[in-house]
Structure formats: structure tokens, C-alpha cells
Amino acid sequence: MRNTEHIGELTNIAFNGKSYSIRTVNIKGFGDKNISTKSLQNVLLVNDSYVSDEARQIDESIFFFVEDKYINLDDKKLAEHVEKNVS
């Protein structure tokens, strides 16, 4: 996958009756990875424990969680943001 200056496909995942955005972008050194929002992360974990087995499976499928405002950045900017925070 090649990151571009447009917003790649946003997909949604439902958890506890609410929908959360997920994007796949290419992260330098890691390849194509799923990125989602902190609001999703916050409902998956309570006191550093998963709220359910489903929550654990979802969390394990996400490479990195960003502040909600960043999920709509173009692919290049989102990847750069994640790369800065992963290293």
C-alpha cells in the first residue's frame, strides 16, 4: 500500500452498540497497519483490563490508537503522526 494525500477508506467497527472508525495506512518499518481512535481504546479497556474477549480481539487487531481528531488526516499525515509516536 502506498500512502497518498487523500483519506483512505474508513471502515467502522461496532462495539457495545457504537461505531468506531478504523483506517489502514502504511507505517514505515511496519507495513500496512490498522489505526483507530482513542475513543475505541477507552471502551475496550477499563483499569488496564479488557472488558470482554471481543474487546481483546479488537485491540489486538489495532496497531495504534490516535486522538480522534487525527483519524481523518490524509494517509501521509496520519502515517507520519503514528511514526513519530511509535519510535
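If you read the sequence shown in numbering that gives the first Met the number 0, its first letter stands for residue 0, the second for the next number, and so on.
Think of the CB as a built atom: it goes at the ideal place given N, C-alpha and C, for glycine as much as any other residue.
Straight through space, the alpha carbons of F14 and F63 are spaced by roughly 17 Å. Residue environment: D74 is assigned as buried (16 or more neighbouring CB atoms within 10 Å of its CB, all protein chains considered). For G16, the closest C-alpha among the options L39, S48, S60 is that of L39. Residue pairing by DSSP places Y69 opposite no residue, since no beta bridge is assigned to it.
Here R55 carries a helix assignment [DSSP, helix/strand/coil].
For K17, the enclosing beta strand (DSSP E) starts and ends at 17-26.
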